[in-house]
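Q: For the sequence shown, counting from 1, position 259 maps to 239 in this note's numbering; every step adds exactly one. Note that beta-carbon positions come from the ideal geometry of N, C-alpha and C, so glycine has one too.
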Amino acid sequence: MTDNQADRTARYPRLEAINSPEDLKALPEKELKPLAEEIRSFLIEKVTEHGGHLSSNLGAVELTLAIHRVFSTPKDHLIFDVGHQSYTHKLITGRRDGFDTLRQSGGMSGFPKRTESEHDCFGTGHSSTSLSAALGFAEADRLSESDAYTVCVLGDGAYTGGMIHEALNNCRKRLKLIIVINENEMSISKNIGRFAKELSHLRSREGYLRTKHATSSILLKLPLIGKPLHRFLWRLKTAVKSALYGSNYFENLGLAYLGPVNGNDEESVERLLREAKKTGQCCVIHVKTQKGKGYAPAEVRPDLFHGMSPAGKQVPEGTSFSEEMGLLATSLAIKNEKICAITAAMETGTGLQRFRSFHPTRFFDVGIAEEHAVTFAAGLAANGYLPIVAVYSTFLQRAYDNISHDVALQNLPVIFCVDRAGLNASDGATHHGIFDVAFLSQIPNMRIFTPITRNGLKNSMIAALECGGPCAIRYPNGYEDPEVVEAFYGNALPCGIGVRNNYLNTPTDSPEELDAVVITYGRVVQEAMKAQRLWAEQGKKLGILLLEQLKPYGEVAEEILPMLPQKSCKVLFLEEEIRTGGMGMLLSEALKAYEIMDNKEIKLLATNESFAVQDRNESIYKTVGVDCDSIVKALI
Ligand SMILES: Cc1ncc(C[n+]2csc(CCOP(=O)(O)OP(=O)(O)O)c2C)c(N)n1
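#1: Suppose the cutoff is 6 Å on Cβ atoms and the five residues either side in sequence are ignored; what does the same chain contact list for A409 look like?
#2: Considering only residues of the same chain and omitting the five flanking positions on each side of A16, which have a CB-CB separation below 6 Å?
#3: What do you reckon, is the C-beta of V62 under 8 Å from a heavy atom of ligand 1?
#4: Rounded to whole angstroms, what's the CA-CA distance from E507 to G364? Just pull it up for me.
#5: With burial defined as no fewer than 16 other Cβ atoms inside 10 Å of the residue's Cβ, what is the status of T355: buried or exposed?
#6: Can you list, in chain order, the residues of its chain whose CB lies under 6 Å from that of L558, leaving out five sequence neighbours each side?
#7: Considering only residues of the same chain and omitting the five flanking positions on each side of R185, which have a CB-CB separation below 6 Å?
#8: Measure the CB-CB distance between A138 and S112 and report whether it falls below 9 Å.
#9: Within 10 angstroms of the Cβ of G187, are there 16 or more other Cβ atoms? Answer buried if so, exposed if not.
#10: According to DSSP, what are the bridge partners of R480?
#11: Quick one: grab the DSSP three-state call for G32.
#12: With burial defined as no fewer than 16 other Cβ atoms inside 10 Å of the residue's Cβ, what is the status of C262: buried or exposed?
#13: Helix, strand or coil for V464 per DSSP?
#14: Under a Cβ-count criterion, where at least 16 other Cβ atoms within 10 Å of its own Cβ denotes burial, should I314 be classed as buried or exposed?
#15: Are the beta-carbon atoms belonging to Y483 and I524 less than 9 Å from one another?
#16: Please return the same chain residues whose Cβ sits closer than 6 Å to the Cβ of S35, not counting the five positions on each side in sequence.
#17: So, at 6 Å on beta carbons, what are the nonlocal neighbours of E18 in its own chain, with the 5 sequence-adjacent residues on each side left out?
#18: Return helix, strand or coil for I616, following the three-state DSSP convention.
#19: Output needed for I379: all residues of its chain with C-beta closer than 6 Å, excluding positions within five of it in sequence on either side, in chain order.
#20: Can you find a CB in chain B that lies within less than 9 Å of the CB of A16?
#21: What is the DSSP secondary structure of E186, reduced to helix, strand or coil?
#22: Exposed or buried, which one is N579 when buried takes at least 16 other CB atoms within 10 Å?
#23: From the DSSP output, which residues share a beta bridge with T323?
#24: Looking at D136 and ligand 1, is the gap between the Cβ and the nearest heavy atom below 8 Å?
#25: Do M509 and ligand 1 come close, with the Cβ less than 8 Å from some heavy atom?
#26: Would you report the Cα separation of R75 and Y129, rounded to the nearest angstrom?
#27: On a Cα-Cα basis, can you pick out the residue from S89, D80, I72 and H57 that is closest to H64?
#28: Please classify N382: does DSSP put it in a helix, a strand, or coil?
#29: Could you say which of I158, I582 and S167 lies nearest to L235 if we only look at CA atoms?
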């Protein structure tokens, strides 16, 4: 046993003895509370060190223990919505050591992953998918006459997503499906909207199902009068219950509803789950938990500990792109009363807090509902307003048809502020923003801006507001790089947006001095600059063209022409996005129409053709093949 292991065994004796759900099932009841405490301490230690989701995991400890004591994965199927609360599940299913590599290159994912464990039957990361998937599992089990159960766990935030309600609409009573709704009154920030209110109003009916089950079986056994009497009592009970409690959404859909119970009390949850299992039918279990439980700072401000960075990560001084967007939108909206801002449950992440305080009537948090956010914006725009939809690149994916059919087809002036564009290292495949350029490029009428400085962001916002049609402004997570500002803008911060270069600094400089040109946009320009320095050491001159706008590609191509050498040379199109349908393909195509390109050798360097993996910030460019070395190699 290593010192490390010995230390862990001393501090987490119960947890160290749990290597599978069977070990948990064998644990005496009185050991569960101390085990939950050990799990919390372990999670706090590991997540504060490596980063990850903390508050949601601390809230879901007892709930997860109860599920694993009542059901048996992998035979039974357990699906976590978003999956950011699945750490206890990972601990119980033999992945304790994985917490030392959490969210790192080649390490354990922060989300459930089919390739990671047989206990992760379905991968998640984006919200509100769990119930549709669970329904698929349950129907498949019905078809194959399996007696396996499917349990899905979703938060009251996920419950605001339309897919959950589409799936509820399809739920059938006779499925071995348990839907656990974990209400903690929080999405990332405070949960809002009608669904959240309705959930919190649902009143306790503990024991109801047990009584109903027992009464039903007795009545139905009575000859002749059994069935009609059962029907009569059922109607009477529904009427009385409705009068007492108001109507219950789930019961109105024909599903059994149990709860709410304290989800941080393992015994209560376990009892409810066993009751639900006994019915053999589809049940909704409602639990209430405390987000951040057991860690005082997270109990007070669960939003601040929703997602944590690894210990020691330096946060640069200044204003992040998200904050800058929020500030710009707020000040532009003071002058222009038509500007509105919309977020899909990501107010803080997208920097819109100040907008909400200054312009509360023009701020809309629609819940985790990106499709709705976009079409809602289309409605506002069609009725004379100027909506800004601030959304992470990866979450915008699900609103593709809304952007195309509702916004672009009608050429409506909606501004998409596409945050976290590009690679987002440690969250992994589900969170990289590497598809937006490709999918937005296919949409007619759409303009795409790609600022990489705060000034560029401001100019893009102004241009977008003026253009009168749909625009996407995409920018990465984080802060502007002073070296990029220095190299491409010097002291003069230009108005307008366009193509910037860092090789025509004086009137006597000429593109003819260049040995090759890199055309790029976004944060990956930093890798091109490294390659430029490397080339300079060898006496070779690499020119970089930094694009602040991509689409319309024809306009951008025309702007580029005077900056290209007439002579024969290599031109490398570099992007941290997916290659197919991206800038490299489309802009090189547009440029090929000009004679100047006839003697150029075109190279494309982009994220290789797959879902990029999770990694450290420092190594992700190398992993996906768009780092400095790959650039140099491509130019040989
Ligand atoms: C489609 C989509 N939009 C946004 C997010 C970002 N996100 C991650 S967790 C979360 C809140 C989830 O709240 P809830 O389901 O109540 O779970 P809790 O964290 O409260 O346990 C959000 C908005 C996401 N994962 N997927």
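A: The relevant details are as follows:
#1: F591
#2: V41 and E42
#3: yes
#4: 43 Å
#5: buried
#6: The amino acid at residue 558 is misidentified as Leu; the sequence shows Ile. I414, F415, A418 and T587, listed in sequence order.
#7: Note on R185: pLDDT 49, under 50, position unreliable in the model; no value is reported.
#8: no
#9: The pLDDT assigned to G187 is 46, lower than 50, so where the model puts this residue is not dependable; a value taken from the coordinates is nonetheless given after this. Exposed: under 16 other Cβ atoms inside 10 Å.
#10: L526
#11: strand
#12: buried
#13: helix
#14: exposed
#15: yes
#16: K271, G272, A278, P282, F285 and H286
#17: Y(-8), R(-6) and L(-5)
#18: coil
#19: The residue you asked about is not Ile; residue 379 is Ala in the sequence shown. Here the set comprises E350, E351 and V354.
#20: You won't find chain B in this structure, because it holds only one protein chain.
#21: Reliability of the predicted coordinates at E186 is poor, the pLDDT of 46 falling under 50, and the value obtained from them is presented with this limitation in mind. Of the three classes helix, strand and coil, the one that applies to E186 here is coil, per DSSP.
#22: exposed
#23: D345 and A370
#24: yes
#25: no
#26: 23 Å
#27: S89
#28: helix
#29: I158
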